[in-house]
Structures are given as C-alpha cells and as structure tokens.
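Residue numbers (UniProt numbering), protein chains in the order written: chain A, 1 to 258; chain B, 1 to 258.
2 protein chains.
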Amino acid sequence: MSDPDTNKNRVFTAAVLVIGDEILSGRTHDKNIAQIASWLQVQGIRLTEARVVSDTMEAIVAAVNALRDSYDYLFTTGGIGPTHDDITVDAVAEALGVPVVVHPGARAILEDYYGGRGLELTEARLRMARVPDGADLIPNRMSGAPGIRWGNVFIMAGVPHITAGMLDALTGTLEGGAPLISETTGCWVAESEVAEMLRAVEKAHPGCQVGSYPFFREGRTGANFVVRSTDPALLARAVEALRTGLEGDGREAVAGGI
Amino acid sequence: MSDPDTNKNRVFTAAVLVIGDEILSGRTHDKNIAQIASWLQVQGIRLTEARVVSDTMEAIVAAVNALRDSYDYLFTTGGIGPTHDDITVDAVAEALGVPVVVHPGARAILEDYYGGRGLELTEARLRMARVPDGADLIPNRMSGAPGIRWGNVFIMAGVPHITAGMLDALTGTLEGGAPLISETTGCWVAESEVAEMLRAVEKAHPGCQVGSYPFFREGRTGANFVVRSTDPALLARAVEALRTGLEGDGREAVAGGI
Numbered sequence: 001m002s003d004p005d006t007n008k009n010r011v012f013t014a015a016v017l018v019i020g021d022e023i024l025s026g027r028t029h030d031k032n033i034a035q036i037a038s039w040l041q042v043q044g045i046r047l048t049e050a051r052v053v054s055d056t057m058e059a060i061v062a063a064v065n066a067l068r069d070s071y072d073y074l075f076t077t078g079g080i081g082p083t084h085d086d087i088t089v090d091a092v093a094e095a096l097g098v099p100v101v102v103h104p105g106a107r108a109i110l111e112d113y114y115g116g117r118g119l120e121l122t123e124a125r126l127r128m129a130r131v132p133d134g135a136d137l138i139p140n141r142m143s144g145a146p147g148i149r150w151g152n153v154f155i156m157a158g159v160p161h162i163t164a165g166m167l168d169a170l171t172g173t174l175e176g177g178a179p180l181i182s183e184t185t186g187c188w189v190a191e192s193e194v195a196e197m198l199r200a201v202e203k204a205h206p207g208c209q210v211g212s213y214p215f216f217r218e219g220r221t222g223a224n225f226v227v228r229s230t231d232p233a234l235l236a237r238a239v240e241a242l243r244t245g246l247e248g249d250g251r252e253a254v255a256g257g258i
Numbered sequence: 001m002s003d004p005d006t007n008k009n010r011v012f013t014a015a016v017l018v019i020g021d022e023i024l025s026g027r028t029h030d031k032n033i034a035q036i037a038s039w040l041q042v043q044g045i046r047l048t049e050a051r052v053v054s055d056t057m058e059a060i061v062a063a064v065n066a067l068r069d070s071y072d073y074l075f076t077t078g079g080i081g082p083t084h085d086d087i088t089v090d091a092v093a094e095a096l097g098v099p100v101v102v103h104p105g106a107r108a109i110l111e112d113y114y115g116g117r118g119l120e121l122t123e124a125r126l127r128m129a130r131v132p133d134g135a136d137l138i139p140n141r142m143s144g145a146p147g148i149r150w151g152n153v154f155i156m157a158g159v160p161h162i163t164a165g166m167l168d169a170l171t172g173t174l175e176g177g178a179p180l181i182s183e184t185t186g187c188w189v190a191e192s193e194v195a196e197m198l199r200a201v202e203k204a205h206p207g208c209q210v211g212s213y214p215f216f217r218e219g220r221t222g223a224n225f226v227v228r229s230t231d232p233a234l235l236a237r238a239v240e241a242l243r244t245g246l247e248g249d250g251r252e253a254v255a256g257g258i
C-alpha cells in the first residue's frame, strides 16, 4: 500500500472480461458488468472497459493480456465450472505464461464441500481446484469452488450471486483512490431542450462530468442527468447549478431521478 | 452479394461496441448486446465480441478501428443524442479518417419531426443530423434521429427500443451465412455430475457445441444445456444423445429448458 494521501489523486482503473457464449448468443443478459462496476466505485476504482468474448482459448488469451496490461485490475467472469466448456483457468494461465496446477487449498475446500454432502470428488469436480501456478484463492461462501487471484487478475464465477459473494470477500482489500460519487436528477424534458445548459454546467465545474440518459415512458419524453465527481463539495455545487437550470423554465427537477 | 451456396459454409462475424459511462458506472444494465446478438443469429451472423468503453474520443476511436478490422460487421450503440456527451459520430469519423458533415436527408427528417411538433430545429437537435462523410441513414421509426451506416460500421441508438426499430429496418439487408440454431434442455442436476457425458456428446457430434449453464433456484441445483449448430439434422441427433445421457440416470430432461 502506498501513501493514501497520494492515492487520493490517482485514478485506479479496472476492466471486466466476460467469458461466455451464452452472453454472445443473446440467450443470457449479463449482470456481472453492472455488479462489478458498482462494487468497484465503492472501492475507489473506475471500471474503464468491459469485453465479452466467446469460450475459445485464443480469444480469452488475447483479451486477458490486452486488459491486464492496460488497467490496474482485471476481473474475469465465467468459465470456471466443471464442464468441458470451462477453459478460463487454462486460458489465463496461458496468458500469464505459467502452468496449471491443482491448488492444495482449493482441493481441500472441494473435498470438504462434496464430502460433507456425501458426494465423491470426481475428476470433473476436481477441475475446479485447478489454478494458474502461483495463484491465491478468493473465498466463495455460496458454493464450493473458490475464485482465483493471480497478480492483478481476479477470476470470478459466471453465476452473479456467486460473484457477489466473492466481491464481498475482496471488499477493502484492493488499493483504490477517492471513490467516484454521483447524484442523479430526473426531469420530464427532451434532452435536446437542455443540451446547451448541460454543456454549460459541465464546463463551469471542472472535475465534474454530466451525463444525460434519455427515456420514453408513459408516452412521455424524459431524461435522468447524472453528475459525477470525486469531490463531494464540487459535486453539490454542480448538482445545484443543474437543478436551477432545469427549474428555470418552470420544469420540476426530481432529486434521485425518475 | 456472393453466391448463397458458398456463403452457407462461411461464418459471418460481428462485434458490438457499447459506448457509455452509464454502463461502466453500473447505473444501467446493458440490453443492447443481447438484443443485437439475438437479431444477428437470425441474419446468419455470429456475434463474436462485445466491448463497452467510456464516452471518450480516444477509447472509442481505438475500439472502432480494432473491431471494424477484425469482424465483418461492427454495431455501435449509444452516444448519438443531442447533448455534449454524445461524441460517437465524431469518434467514428475520426476512426474512419473522414470529416463530419450534416447529412441533408437526416436534416430533412429532423425538420419534419420537430416541425410537425411545433418545435424549432435548434443547434443541439441539428447535432443529430451529423454523420461521417459518405454515410447512409438507417431509418428510425421510434423517434426522429436516424441511425447511420458507413461501410461495415452501423451506428445505433443507446435506448434499446430505438435500436430495436433500427434493427427491424436492417433485417434481411446484410449478407450472412447459415443461421446458428440452438436447442435448450434443462435438468435438475449438478453440472459436475454430467460433465463427462456432455464432453462425450460434443466430441461425438463434430459441428455442434454443447454449453452448460448452471443455476440455483428454489434451493436446488440445476443447469440448462444448450446445443448449437448450423445443421438442423446434426443438432437433432446431438440433442437426442444429450437427453438420453441425462435420462440414463433416472433424471428428467426438460425440453426447452428450466
């Protein structure tokens, strides 16, 4: 850990790599990107890129190497189960240039988990104790098989609630900067009507970003405006300016969003 | 269009590039990847990679160039509205090495759309008529601003139901191969118990992929098994072998999935 005062001004970045044909086929909606993104914000780490690749060795190896080099942290999800299409550990090991080994701690966890249920630790189940050589384990309190950490690469489950448990276990253990905070304001307005005002508010508050997210509901046009900053006082001033701008034309600005 | 008989054996690939801080902040769950993936399957085009990047010029330009070179088609979503954070058109134009121009057809559509509502075509709204020079328009029947096609790059909206309308307009216009078809079978079984059988079924049916997607519901462990192929007869044989394998141990195989 370096000096926290220095880190406050450093931006820590992360990428998520979703591994899975089920996402690319449209069969399953990914939930892990949003889940990991929200968790990272609280850790003071910014999710800067996400990728989804298929369950093929070549695609995973290329993405792991591109992303672990470009960002402070890389989280992979998916492909760590017991079946033949679970090749994440092999692919990450290849990307890292290390062999795959059975981790004694992971083996013990699986023996305990399956043994306690009167089940045998079959060859398929033992696959889930395989890690890139030199890895540490990430506790999994939801099911048997642990997650895996190797350097700045975190190998998480594909099933979202298992990954949620692994994230809990990692909370507070990663070095981050000042958390990015945000405040949302909703308004029943076409964003094109307030585009100039939004641009002016962002320009007048360096260190804040203003995002505009339109929607159509109940046959009406509206938008949520999200102001983001690492500085709470600056954020408050920008939000105040935004709400004044929205209400200037007799509209209602809804704190928290619509 | 080349010879359809030749194309049957060619795999056509696509990538999706989601542009938006709202996805990377965890605030919004992306729906466009799954939506475009499902639509592509029907067109005989395989979604091979998806990326999510932030609303910054550098990130978008790099991703556009990497993906349009690697795949037959690239679909971007997001960042084409009237506000200051909508920079997709500028970024794609920079990636393509062409200037941004106001498209006369798009301008006419916007004049008609806003004029018909008694609204002025402000500078902010006119931003939505800007395209990379040489682009064609993609009709948008949901709201005013059209999508944009330039070569193999398709610039779509961020709001999912607007993109749905644009996809409808493109249906049948893109060259594809034989559609990938799939059949799902569910079973209340831990996937580790059938891992060897799944591997054997896939190995015995070259041209089919077998995916295993575990879940935990109602306090029980189950999985859905998805067999995919471009050949309907081959698919049917592999599904039959899979169901026989699942039922061999007295379990029930649920056609269509659980």
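Just so you know, even glycine gets a beta-carbon here, dropped at the ideal spot from N, CA and C.
Of all residues in the region 194-206 of chain B, only Ala195, Glu196, Leu198, Arg199 and Glu202 come within less than 7 Å of chain A when Cβ atoms are compared, listed by chain position. At a beta-carbon threshold of 8 Å, the residues of chain B lying near Arg51 (chain A) are Glu49, Ala50, Arg51 and Val52, ordered along the chain. Between the region 99-118 of chain B and the region 133-145 of chain B there are three or more inter-stretch CB-CB distances shorter than 8 Å, so the stretches are counted as touching. Listed along chain A are Gly26 and His29, each with a C-beta nearer than 7 Å to that of Ala34 (chain B).
A distance below 6 Å between beta-carbons, with the five flanking residues on each side excluded, links Glu191 (chain B) to the following residues of its chain, in chain order: Ser212, Pro214 and Ala223. For Ser38 (chain B), the nearest CB of chain A lies under 9 Å from its own CB, placing it at the interface with that chain.
Look at Ser70 (chain A) here: in three-state DSSP terms it is helix. When the five nearest sequence neighbours on each side are left out, the beta carbons in the same chain lying within less than 6 Å of the beta carbon of Ala37 (chain B) are those of Leu47, in order along the chain.
Taking the Cα positions, Phe12 (chain A) is about 25 Å away from Asn140 (chain A). Residue state for Arg243 (chain B) is assigned as helix, using DSSP reduced to three classes. Residue nearest to Ile23 (chain B) within the set A:Ala34, A:His29, A:Val18 and A:Asp30 is A:Ala34 (criterion: CA-CA distance). In chain order, Ala106, Ile109, Leu137, Ile138, Pro139 and Asn140 place their CB closer than 7 Å to the CB of Pro146 (chain B), counting only its own chain and leaving out the 5 sequence neighbours on each side. Here Gln43 (chain A) is actually not in contact with Gly151 (chain A); their C-beta atoms are around 17 Å apart, not less than 8 Å. In the three-state DSSP reduction, Trp150 (chain A) falls in the strand class (E or B).
For Glu183 (chain B), no alpha helix (DSSP H) run applies; the uninterrupted beta strand (DSSP E) run containing it begins and ends at Ile181 to Cys187, by DSSP.
Exposure of Asn9 (chain B) is indicated by the presence of fewer than 16 other C-beta atoms within 10 angstroms of its C-beta. Sixteen is the threshold: when 16 or more other Cβ atoms of the shown chains lie within 10 Å of the Cβ of Lys31 (chain A), as they do, the residue is buried. Taken in chain order, the whole alpha helix (DSSP H) runs of length 4 or more contained in the region 55-126 of chain B are 57-70, 88-96, 104-115 and 123-126. Phe216 (chain A) belongs to the set of residues whose beta carbon lies under 9 Å from a beta carbon in chain B. Taken through DSSP and simplified to helix, strand or coil, Gly211 (chain A) comes out as strand. Non-local beta-carbon contacts of Ser182 (chain B) in its own chain, meaning distances under 6 Å to residues more than five positions away in sequence, involve Val226 and Arg228 in chain order.
Interface flag for Thr171 (chain B) against chain A is unset, since no Cβ pair is found closer than 9 Å.
In the DSSP assignment, Glu175 (chain A) falls outside any beta strand (DSSP E), carrying neither H nor E. Under the three-pair Cβ rule at 8 Å, the region 70-85 of chain A does not count as touching the region 109-119 of chain A. Taking 9 Å as the CB threshold, Tyr213 (chain B) lines the interface with chain A. Beyond the five residues adjoining it in sequence on each side, Gly115 (chain A) comes within less than 8 Å, by CB distance, of Leu121 in the same chain, given in chain order. Three or more beta-carbon pairs separated by less than 8 Å are not found between the region 191-208 of chain B and the region 168-175 of chain B, which leaves the two stretches without contact. Counting only the Cα atoms, Arg125 (chain A) lies some 18 Å from Leu246 (chain B).
Taken through DSSP and simplified to helix, strand or coil, Ala14 (chain A) comes out as strand. Flagged as an interface residue toward chain A: Gly81 (chain B), by a C-beta distance shorter than 9 Å. Buried is the label assigned to Arg243 (chain B), since at least 16 other Cβ atoms lie within 10 Å of its Cβ. Pairing Met142 (chain B) with His29 (chain B), the inter-Cα distance amounts to about 21 Å. Around the beta carbon of Arg149 (chain B), 16 or more other beta carbons sit within 10 angstroms, so the residue counts as buried.
The beta-carbon of Ser192 (chain B) is placed less than 9 Å from the nearest beta-carbon of chain A. Non-local C-beta neighbours of Asp85 (chain B) in its own chain, meaning closer than 6 Å and more than five positions away in sequence, comprise Asp55, ordered along the chain.
In this structure, Ala50 (chain A) keeps its C-beta atom at 9 Å or more from the C-beta atom of Ala95 (chain A).
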